[in-house]
Each structure stands twice: as structure tokens, then as C-alpha cells.
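Using the numbering used here, read the sequence shown as starting at 418 and increasing by one per residue. So the structure is just underneath, and the comments pick up after that.
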Amino acid sequence: SVRNGLGHMEQMALELIARGVSRFPELFKKWSASEPGYGLGDAQLWDVLIRLVECKRPILRLDGRKALSFSENYPHLNQLAFTLRETGHSILEGKHDLWEMQPQEVWLGGVRLVPPNPRWRWDEELQVLAG
């Protein structure tokens, strides 16, 4: 996003967490219901969230267990909850930009986004790619 550097998956997940949907099973259920076109599984959403837990300036906190791989945490998913850290709140509010705070290489939809600033950003207001 041109507004805060979040991808759509990240934005939707953080909004749900900010509204109190913190336990991973419920979070995945609500996320996938609101975004049926993605067709992604729980492990894919997990990877997106863990990236936001493990980055230099964490956006999320994972309560209840270490941020292990999805398969290692699978038996414990009902015990795991995500909460927004202060950086997560400021990014959601558009006060900071994820890419400016902590650039990282990531692949989204077959596009490689490379620091310090990705070439491709989505402008929600204009509904166009910017860059």
C-alpha cells in the first residue's frame, strides 16, 4: 500500500487483530471468510503473520508459544494469540510505513519486492498501481 507499506493480506489480518480477533483459528476463519478469492490455506496466513512477529521492529506479538514453523505449532494453534505491538498500531493508522521502518525482500503474487523501496505499490484511493 502507498499508505502504510502493508500488503492486502497483512492489512486485513492486522485489522482483525486490532478488533480483538487474536486466536489463530478464529483469525484464519474470519480472514478467509472476508477474502474468499485468495484461496490460501492457514499455513500461508501463518507465514505472513510470523514474518511480522520476527522482523527487526516487530509489528505483532505471538502469545502462548515461540514463533516456530506452522507444522511445529499446529497442535497448539488454539492456544496461540496474536496482539498488535505499538509499531503495528502506528502502521495501521498510516503514521508509519512498513517498508521505511524495516525494508525486507519479499515475494507477493509472483512479484519480488526489494528494499529499500519496492517498485510496485497499490493506491487504494485511486485503485491503481503506483511506482
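Yeah, the Cβ is synthetic: ideal placement off N, Cα and C, and Gly gets one too. Keep in mind the model is a prediction, meaning the values are calculated, not measured.
Proximity below 7 Å, CB of residue i to CB of residue j
| i | j | result |
| --- | --- | --- |
| T500 | R478 | yes |
| M426 | R474 | no |
Closest residue to residue i among the options (Cα-Cα distance)
| i | options | result |
| --- | --- | --- |
| W440 | V545, H493 and R529 | A small correction: the amino acid at residue 440 is Arg; Trp does not occupy that position in the sequence shown. Ranking the options by Cα distance to R440, first place goes to H493. |
| Q496 | P442, L431, Q428 and G437 | P442 |
| I553 | L515, S449 and D464 | Residue numbering for the chain in the displayed model covers 418 to 548; residue 553 lies beyond these limits and cannot be assessed. |
| V523 | K447, Q544, D464 and A435 | D464 |
For residue j and residue i, believed in contact at Cβ under 8 Å, the rounded distance
| i | j | result |
| --- | --- | --- |
| W537 | V528 | 6 Å |
| L433 | L423 | So it is not a contact: roughly 13 Å between Cβ atoms. |
| G511 | L431 | Incorrect: roughly 12 Å between the Cβ atoms, too far for contact. |
Contacts around residue i, its chain only, beta-carbon distance under 8 Å, and the 5 residues preceding and following it disregarded
| i | result |
| --- | --- |
| L546 | W537, R538, W539 and D540 |
Sequence-distant residues of its chain with Cβ nearer than 7 Å to residue i (five each side left out)
| i | result |
| --- | --- |
| R420 | G511 and E541 |
| A498 | S439, R440, D480 and G481 |
Residue i at chain C interface by Cβ criterion, 7 Å
| i | result |
| --- | --- |
| N421 | This model lacks chain C altogether, as it is built from one protein chain only. |
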